[in-house]
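Participant: One structure is given below, represented as structure tokens, and several questions about it will come after.
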Amino acid sequence: MAAGEIIAAARALDALGFMPSKSGNLSVRTARGCLITPAGLPYAETASEDLVEVALDGRILAGHRRPSSEWRLHTAIYAARPEAGAVVHTHSPFATALSCARQPIPPFHYMIALGGGADIRCSAYATFGTAALAEACVAALEGRRAALLANHGAVALGRTLAGARTLAMEVENLARQYLALRAAGLPPVLLNEAELREVFAQFGDYGRLT
Numbered sequence: 001m002a003a004g005e006i007i008a009a010a011r012a013l014d015a016l017g018f019m020p021s022k023s024g025n026l027s028v029r030t031a032r033g034c035l036i037t038p039a040g041l042p043y044a045e046t047a048s049e050d051l052v053e054v055a056l057d058g059r060i061l062a063g064h065r066r067p068s069s070e071w072r073l074h075t076a077i078y079a080a081r082p083e084a085g086a087v088v089h090t091h092s093p094f095a096t097a098l099s100c101a102r103q104p105i106p107p108f109h110y111m112i113a114l115g116g117g118a119d120i121r122c123s124a125y126a127t128f129g130t131a132a133l134a135e136a137c138v139a140a141l142e143g144r145r146a147a148l149l150a151n152h153g154a155v156a157l158g159r160t161l162a163g164a165r166t167l168a169m170e171v172e173n174l175a176r177q178y179l180a181l182r183a184a185g186l187p188p189v190l191l192n193e194a195e196l197r198e199v200f201a202q203f204g205d206y207g208r209l210t
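Everything in the sequence shown is counted per full-length UniProt numbering, starting at 1 for the first residue and increasing by one.
Dropping the structure here:
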């Protein structure tokens with residue numbers, strides 16, 4: 001993974017309003033740990049040499065800046081999910097709004113299956129940047145590829161950075177649609193277990209980790 005791809009992805013998400021005011025972060029797995037965006041640096045000003053390589057035990061392996069404050073979250077996901085090659089953490093508006101209500105995204109639309117399960121869970125609350133948040137996130141991601149973080153934002157993982165980024169965008173889209181229904185006073189009709197089984201069967205390889 002070229003560092004330039006990480007920078008480009010961060011800037012694209014920033015331009016969408018998913019990582020406002022230096023919030024949010026992303027990483028890719030390396031042979032020694034992960035390469036993560038730095039703390040406190042606007043993405044428009046971030047260069048390849050500003051990225052930081054962190055071991056899964058938190059040791060700084062390369063880089064002259066501090067890693068993102070959420071390095072514990074990223075390394076905990078990589079430790080728990082060997083299939084994950086990239087992690088995207090956003091503060092996208094609608095997913096973050098829903099996370100502040102500590103509500104999951106239920107199966108109101110078949111695209112929920114992209115998250116890997118029957119819903120997109122919201123984690124227990126924990127202070128940002130802490131081991132407790134990392135633990136809560138890993139728990140919410142069990143059997144899933146995406147989760148909301150209570151009063152915080154959203155996380156998506158993928159085999160590739162492109163896959164994680166695409167999933168993060170779909171989580172935001174689902175959150176927007178779900179909140180639009182609720183704002184209109186329309187109760188979402190949720191897919192039942194049988195309907196969800198058909199969705200997963202129809203998805204086949206389309207729903208696999210990318």
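Every residue gets a Cβ at the ideal spot worked out from N, C-alpha and C, and that includes glycine.
Would Pro106 pass as a contact of Tyr178 if the rule is Cβ separation under 9 Å?
Facilitator: Within the sequence shown, residue 106 is the residue found at index 106, counting from 1. Within the sequence shown, residue 178 is the residue found at index 178, counting from 1. In this structure, Tyr178 lies closer than 9 Å to Pro106 by Cβ.
Participant: Measure the C-alpha to C-alpha separation of Asp119 and Pro104 and round it to an integer number of angstroms.
Facilitator: For the purposes of this step, residue 119 is taken as residue 119 along the sequence shown, with counting starting at 1. For the purposes of this step, residue 104 is taken as residue 104 along the sequence shown, with counting starting at 1. Straight-line Cα distance between these residues: approximately 7 Å.
Participant: Give me the Cβ distance between Ala154 and Arg145, rounded to the nearest whole Å; I'm assuming they're in contact under 8 Å.
Facilitator: Taking the sequence shown and counting its residues from 1, the one referred to as residue 154 is at position 154. Taking the sequence shown and counting its residues from 1, the one referred to as residue 145 is at position 145. Ala154 to Arg145, Cβ: 12 Å. No contact.
Participant: Arg165: which of His89, Glu70, Gly63 and Gly40 sits nearest, CA to CA?
Facilitator: Working through the sequence shown from its first residue, we reach residue 165 at position 165. Checked all of His89, Glu70, Gly63 and Gly40; the closest Cα to Arg165 is His89.
Participant: In the DSSP assignment, what residue or residues form a beta bridge with Gly148?
Facilitator: Against the sequence shown, residue 148 aligns to sequence position 148. In the sequence as displayed, the identity of residue 148 is Leu instead of Gly. Bridge partners of Leu148: Cys122 and Ala154.
Participant: Just to confirm, are Ile36 and Glu53 a CB contact at a threshold of 9 Å?
Facilitator: Counted from its first residue, the sequence shown places residue 36 at position 36. Counted from its first residue, the sequence shown places residue 53 at position 53. Yes, the Cβ-Cβ distance between Ile36 and Glu53 is below 9 Å.
Participant: If you follow the beta strand (DSSP E) that Thr96 is in, where does it begin and where does it stop?
Facilitator: As a first step, residue 96 is located in the sequence shown; it is residue number 96 there, counting from the start. First-last for Thr96: Pro93 to Cys100, but that is the alpha helix (DSSP H), not the beta strand (DSSP E).
Participant: In the DSSP assignment, find the unbroken beta strand (DSSP E) run with Thr90 in it and report its ends.
Facilitator: Numbered from 1 along the sequence shown, position 90 holds the residue referred to as residue 90. Residues Ala86 to Thr90.
Participant: Whole angstroms are fine: how far does the CA of Arg121 sit from the CA of Val87?
Facilitator: For this step, residue 87 is matched to residue 87 along the sequence shown. For this step, residue 121 is matched to residue 121 along the sequence shown. So the two alpha carbons sit approximately 17 Å from each other.
Participant: Is His91 closer than 9 Å to Gly40 when the C-beta atoms are compared?
Facilitator: By one-based count along the sequence shown, residue 40 stands at place 40. By one-based count along the sequence shown, residue 91 stands at place 91. The answer is no: Cβ separation not under 9 Å.
Participant: Would a C-beta distance cut-off of 9 Å place Arg81 and Val138 closer than the cut-off?
Facilitator: Reading the sequence shown from its first residue, position 81 is the one you call residue 81. Reading the sequence shown from its first residue, position 138 is the one you call residue 138. The answer is yes: Cβ separation under 9 Å.
Participant: Does the contact criterion of 3 or more C-beta pairs under 8 Å hold for the region 57-70 versus the region 126-133?
Facilitator: The region 57-70 is in contact with the region 126-133.
Participant: Find the nearest neighbour of Ala12 within the set Arg72, Leu186, Phe94 and Ala168, judged by alpha-carbon distance.
Facilitator: Here the question's residue 12 lines up with position 12 in the sequence shown. Ranking Arg72, Leu186, Phe94 and Ala168 by Cα distance to Ala12 puts Ala168 first.
Participant: Roughly how far, in whole angstroms, is the beta-carbon of Ala147 from the beta-carbon of Ala140, given that I think they are within contact range, below 8 Å?
Facilitator: In the sequence shown, the residue the question calls residue 147 occupies position 147. In the sequence shown, the residue the question calls residue 140 occupies position 140. Confirmed, Cβ separation roughly 4 Å.
Participant: Assuming Asn25 is part of the beta strand (DSSP E), what are its boundary residues?
Facilitator: The count along the sequence shown starts at 1 and reaches residue 25 at position 25. Asn25 -> beta strand (DSSP E) spans Asn25 to Arg29.
Participant: Kindly indicate which three-state DSSP category Gly163 falls into: helix, strand or coil?
Facilitator: Taking the first residue of the sequence shown as 1, we reach residue 163 at position 163. DSSP places Gly163 in helix when its eight states are reduced to three.
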